[in-house]
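Heads up, the sequence shown is in this note's numbering, so the first residue is 4 and it goes up one at a time.
Glycine residues also receive a C-beta, built at the ideal position from the N, C-alpha and C atoms.
Given the structure is predicted, the values throughout are model-derived calculations rather than measurements.
Following: one structure in structure tokens, then a few remarks.
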Amino acid sequence: MLPIPYCPSRARIALSEFIEQRSAQLPKTWRTRTLKARTRKDGTLVPARTEQYAVRGSILSDGAEKTAWAFIRLALKAVGEVRRVPLLAGPAEAELAEAEPTPPPVATNSEAICRTSVRGKRVAGRTVRNHLAEMKAAGIITRMQFRGRQRDYYVWINPLFLWEAGEKPAQTAEKPRFQKAAFSALQPPEGTNFPPKGVHEPIQATEIETGGVDKCAAQRGREEPAVHQATPSGYTGQPAHPVQAAQATKQGAGRAADVVEPLEAKTAPTGPQGPKTRVAQRQRSMVLEFWWAAQKELYAPLNQLFTEEQSRLACNAIYFGVYGGFPSDWPLTQQERYHEQALERLGLAAGYFARNPHKYPPMPYAEHVEGAGYFDAANQKGFVGTMAWYATHLAHRGQRALADGLRRARRELRQHALGTAPKRAQAKTTLELYRYHEERLRKLSPQALERFYQHFARPAAA
Numbered sequence: 004m005l006p007i008p009y010c011p012s013r014a015r016i017a018l019s020e021f022i023e024q025r026s027a028q029l030p031k032t033w034r035t036r037t038l039k040a041r042t043r044k045d046g047t048l049v050p051a052r053t054e055q056y057a058v059r060g061s062i063l064s065d066g067a068e069k070t071a072w073a074f075i076r077l078a079l080k081a082v083g084e085v086r087r088v089p090l091l092a093g094p095a096e097a098e099l100a101e102a103e104p105t106p107p108p109v110a111t112n113s114e115a116i117c118r119t120s121v122r123g124k125r126v127a128g129r130t131v132r133n134h135l136a137e138m139k140a141a142g143i144i145t146r147m148q149f150r151g152r153q154r155d156y157y158v159w160i161n162p163l164f165l166w167e168a169g170e171k172p173a174q175t176a177e178k179p180r181f182q183k184a185a186f187s188a189l190q191p192p193e194g195t196n197f198p199p200k201g202v203h204e205p206i207q208a209t210e211i212e213t214g215g216v217d218k219c220a221a222q223r224g225r226e227e228p229a230v231h232q233a234t235p236s237g238y239t240g241q242p243a244h245p246v247q248a249a250q251a252t253k254q255g256a257g258r259a260a261d262v263v264e265p266l267e268a269k270t271a272p273t274g275p276q277g278p279k280t281r282v283a284q285r286q287r288s289m290v291l292e293f294w295w296a297a298q299k300e301l302y303a304p305l306n307q308l309f310t311e312e313q314s315r316l317a318c319n320a321i322y323f324g325v326y327g328g329f330p331s332d333w334p335l336t337q338q339e340r341y342h343e344q345a346l347e348r349l350g351l352a353a354g355y356f357a358r359n360p361h362k363y364p365p366m367p368y369a370e371h372v373e374g375a376g377y378f379d380a381a382n383q384k385g386f387v388g389t390m391a392w393y394a395t396h397l398a399h400r401g402q403r404a405l406a407d408g409l410r411r412a413r414r415e416l417r418q419h420a421l422g423t424a425p426k427r428a429q430a431k432t433t434l435e436l437y438r439y440h441e442e443r444l445r446k447l448s449p450q451a452l453e454r455f456y457q458h459f460a461r462p463a464a465a
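Here is the structure:
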């Protein structure tokens, strides 16, 4: 698997440092400039003179640097996409692990790079190709592959700008604050004045439970704390590992054998094994499908990755915040329809953030303030707000379907009278064609059918 990629800010710093270090190695160039004669404020005349000065150029022009940053952002997104694809374990897995990771190519074209918001100023496609030549000479691009004028070309970016790779400049090692002491064996004590022997008790519990702490009761076999109840889809919102009480027994007798030895830890009861019924399994699949789509549409453009624990918290927020815990009075068909609507609302949110690059979605779950996650139901400025967008979207979609239906009925009825309608429509009589479009508008809404009656009169039977 590829290493974890840089965040955009870290990649931008790596690019700037690379340009500065390589540019500092370029030789200085002497230039000549002529200064015109001028008069100072006190009336002194400064004659014209010619002077020389030294300048050091850069490995990239300003425009090529902007183009390089556009390609690096696309490469970071490509690395994030590849990391989300699970790799198949095979005999060559060890060989791949030892080999140096290679970033995926960036498939794009000059016109697409010209339209990116990173470029800012509009440039020609030929200018982008000149910038590619500069980037390849500077070492930012390791390989290029052109695939014709009508297809995207492939560009491989140097891994130095994508993840922690390559050699770093040698730095002066700091003197450590603490020096490692030389090892010396302990000498046996002389006489019978032994130091007091401490009794150490190993800690068996990995979590702390708030409540009465009675060690004797724990050793007598106190009941295990109750596990959090799971939802129908298997999400609990809390770790499903109960706290196991420390159990120990003393072996031997006397002060010389006073060390407490732990017993073998009992196997902790496992948490919920997931949904048992078909409906609960489908609900869990809906939540996972929604979270997968959210990562692809909302967080992938930001090159944001989530750990397993963060994904669990996000799915928990989606289960309760987006789907409301799947009300028990909803049949499965209604839940399926709502799931489709939720995915459409997710597309509307992705379009909003794509149109506004200066805005970005917050974390899917609440981190510091309860109910402040993007998918929490209490956050009125989060995903809940897309419901109003979806209502407007449905209204506009219905209006477009009505306009298209009326336009098609008007065109085919007129062509049918002239004998130039398509074969499917021309094979019908005028009344049959009228009934056909009447039924199509009836399926939209009663208002659409009323508009159809207003525009078209019922033809007489042939």
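Other residues of its chain near residue i: CB distance less than 7 Å, five sequence neighbours each side excluded
i: alanine 110; result: Asp155, Tyr157
i: arginine 445; result: Leu452
i: alanine 141; result: Arg25, Ile62, Leu63
i: cysteine 117; result: Arg125, Val126, Gly128, Val131
i: threonine 280; result: none
i: alanine 176; result: Confidence is the limiting factor: at alanine 176 the pLDDT is only 44, short of 50, which leaves the residue's position unreliable, though a coordinate-based value still follows. No residues qualify anywhere along the chain.
Presumed contact (8 Å Cβ cut-off) between residue i and residue j, rounded CB distance
i: valine 82; j: leucine 165; result: 6 Å
i: leucine 405; j: alanine 451; result: 5 Å
i: alanine 428; j: glutamate 415; result: 5 Å
i: leucine 79; j: alanine 17; result: About 11 Å separates the two Cβ atoms, so there is no contact after all.
i: proline 6; j: proline 104; result: 6 Å
i: leucine 135; j: methionine 147; result: 7 Å
Residue j beta carbon less than 8 Å from that of residue i
i: valine 282; j: leucine 351; result: no
i: glycine 388; j: glycine 376; result: no
i: serine 26; j: glycine 66; result: no
i: cysteine 10; j: asparagine 382; result: no
i: phenylalanine 309; j: alanine 303; result: no
i: tyrosine 439; j: phenylalanine 459; result: no
i: lysine 31; j: alanine 57; result: yes
i: threonine 53; j: threonine 35; result: yes
i: glutamine 286; j: glutamine 337; result: no
i: threonine 423; j: proline 462; result: no
i: isoleucine 22; j: isoleucine 160; result: no
i: tyrosine 393; j: glutamate 435; result: no
i: serine 448; j: glycine 401; result: yes
i: alanine 40; j: leucine 48; result: yes
Segment limits, alpha helix (DSSP H) that includes residue i
i: tryptophan 159; result: Unbroken run through tryptophan 159 is the beta strand (DSSP E), 156-160; no alpha helix (DSSP H).
i: leucine 366; result: Correcting the residue type first, residue 366 is methionine in the shown sequence and not leucine. Looking at the DSSP string, methionine 366 is not in any alpha helix (DSSP H), and its letter there is neither H nor E.
i: leucine 291; result: 281-297
i: isoleucine 75; result: 65-86
i: threonine 433; result: 433-447
i: isoleucine 321; result: 311-324
i: arginine 348; result: 335-358
i: alanine 428; result: 426-429
i: alanine 380; result: Here alanine 380 belongs to no alpha helix (DSSP H), and DSSP marks it neither H nor E.
i: threonine 105; result: Premise fails: threonine 105 is in no alpha helix (DSSP H) and is neither H nor E.
i: valine 131; result: 128-141
Start and end residues, beta strand (DSSP E) containing residue i
i: isoleucine 22; result: Counting along the chain, isoleucine 22 falls outside any beta strand (DSSP E), though it belongs to the alpha helix (DSSP H) covering 11-27.
i: valine 109; result: 109-111
i: threonine 389; result: Element bounds for threonine 389: not the beta strand (DSSP E) but the alpha helix (DSSP H), 389-421.
i: valine 58; result: 52-58
i: threonine 35; result: 32-38
i: threonine 145; result: 144-148
Beta-carbon proximity list for residue i, same chain, < 8 Å, skipping 5 on both sides
i: alanine 353; result: Glu300, Leu301
i: isoleucine 321; result: Val290, Phe293, Trp294, Ala297, Pro367, Phe378
i: methionine 390; result: Arg348
i: serine 314; result: Trp294
Close beta carbons around residue i, own chain, < 6 Å, minus the five adjacent residues each side
i: tyrosine 326; result: none
i: phenylalanine 323; result: none
i: threonine 119; result: Ala73
i: glycine 46; result: none
i: arginine 454; result: none
i: glutamine 418; result: Ala424
i: threonine 209; result: Bear in mind that the predicted position of threonine 209 carries a pLDDT of just 43, short of 50, making it too unreliable to give a figure here.
Residue i: CB within 7 Å of a non-hydrogen atom of the ligand COA
i: glutamate 137; result: Within the structure as shown, the ligand COA is missing, as the structure has no ligands at all.
Point to revise | Stretch-stretch touch, CB-based, cutoff 8 Å, three pairs: the region 361-381 with the region 335-350 | key: These segments do not touch.
Point to revise | At least three beta-carbon pairs within less than 8 Å, the region 367-381 to the region 411-430 | key: no
Point to revise | the region 127-135 in contact with the region 70-82 per 3-pair CB rule at 8 Å | key: yes
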